[in-house]
Amino acid sequence: MDSCFKDLYHTTLRKNLCQTLGLKNLNMVPRLEKIVINAGVKAAAQDSKVLNYVNDGLTALAGQKPVKTKAKKSIAGFKIREGVQIGCMVTLRGKIMYNFLEKLIKLVIPSIRDFRGLPPRFDACGNYNLGLKDWTVFQEIDFDRFPNAHGLNITMHIKGGNNKEASCALLKSFGMPFIDTAKKG
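Each residue of the sequence shown is one higher than the one before, starting from 7 at the first, in this note's numbering.
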């Protein structure tokens, strides 16, 4: 995929968002800073091969090598000790980030079973978190090579605007299929 979303943002979406949000300057328009893909694996505490398996899956999915994450503290109920590797994460920026966002919006989200839209829940800084229960919705995850399903958390860090409405407008302009909360009632 070519970086269509990056060009689209810089040529048309930025100007449209500036007018829509009533901003005085193009530099005030919200922009996507990075996308972080995180996979926590409970079974990795007992078997390190599982973590290597997830690491290979994230590499295929993101197109770059993830880093392994460690437990920050011990949790006896989950049989996790501090410092044990329990997950993987990868941070996408620039052209790779826009390519991943385009793939997510155009290919992955429409292929989710029983999909009715995403809830427009943003954190206080305007960042958006999307949780996927099954990573096999990505076509890079081949059933033969990765037979076990794992969940993912995708965090979209948005700079500028510093409010939920501006961040929501940015992702909607890319085509993110949010549920219209005004219709519910």
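Positions of the beta carbon are idealized from the N, C-alpha and C atoms, including for glycine.
Going along the chain, which residues of its own chain have a beta-carbon closer than 7 Å to the beta-carbon of residue i, five neighbours each way excluded?
| i | result |
| --- | --- |
| C24 | L32 and V35 |
| K190 | Confidence is the limiting factor: at K190 the pLDDT is only 49, short of 50, which leaves the residue's position unreliable and the question unanswerable from this model. |
| N58 | none |
| N61 | P72, K74 and C94 |
| F144 | L67 and V114 |
| I118 | V143 |
| D120 | none |
| L194 | Not covered by the structure: residue 194. The range shown for the chain is 7 to 191. |
| I111 | F180, G181 and M182 |
With residue i as the anchor, note down where its alpha helix (DSSP H) starts and where it stops.
| i | result |
| --- | --- |
| N133 | From DSSP, N133 is part of no alpha helix (DSSP H); its letter is neither H nor E. |
| A172 | K170 to F180 |
| Y104 | G100 to K109 |
| L14 | C10 to L14 |
For residue i, name the three-state secondary structure that DSSP assigns.
| i | result |
| --- | --- |
| R119 | coil |
| R37 | strand |
| A45 | strand |
| K190 | Bear in mind that the predicted position of K190 carries a pLDDT of just 49, short of 50, making it unreliable; the figure below should be weighed with that in mind. Coil, per DSSP. |
| F184 | strand |
| K30 | coil |
| G63 | helix |
| D140 | coil |
| M7 | Interpretation of M7 is limited by its pLDDT of 49, a score under 50 that renders its predicted location unreliable; the figure taken from the coordinates is listed afterwards. If DSSP states are grouped into helix, strand and coil, M7 belongs with coil. |
Start and end of the beta strand (DSSP E) containing residue i?
| i | result |
| --- | --- |
| N22 | That residue, N22, is in no beta strand (DSSP E); its alpha helix (DSSP H) goes R20 to T26. |
| N159 | L158 to K165 |
With a CB to CB cut of under 6 Å and the five nearest residues on each side skipped, what residues in its chain are close to residue i?
| i | result |
| --- | --- |
| E146 | A66 and L67 |
| L19 | S179 |
| I160 | I43 and L136 |
| K170 | F128 and G132 |
So who's on the other strand from residue i, going by DSSP bridges?
| i | result |
| --- | --- |
| C94 | A45 and K74 |
| F128 | Y134 |
Leaving out five residues on either side along the sequence, give the residues of the same chain with a beta carbon under 8 Å from the beta carbon of residue i.
| i | result |
| --- | --- |
| M103 | L38, K40 and I41 |
| T26 | A175 |
| L124 | I115, L136, M182, P183, F184 and I185 |
Which whole-angstrom value describes the C-beta separation of residue i and residue j, a residue pair presumed to lie in contact below a C-beta threshold of 8 Å?
| i | j | result |
| --- | --- | --- |
| R122 | I185 | 7 Å |
| I81 | V47 | Incorrect: roughly 14 Å between the Cβ atoms, too far for contact. |
| L177 | Y134 | 6 Å |
Say whether chain B places a C-beta atom closer than 8 Å to the C-beta of residue i.
| i | result |
| --- | --- |
| H156 | Of the protein chains in the structure, only one exists, and it is not chain B. |
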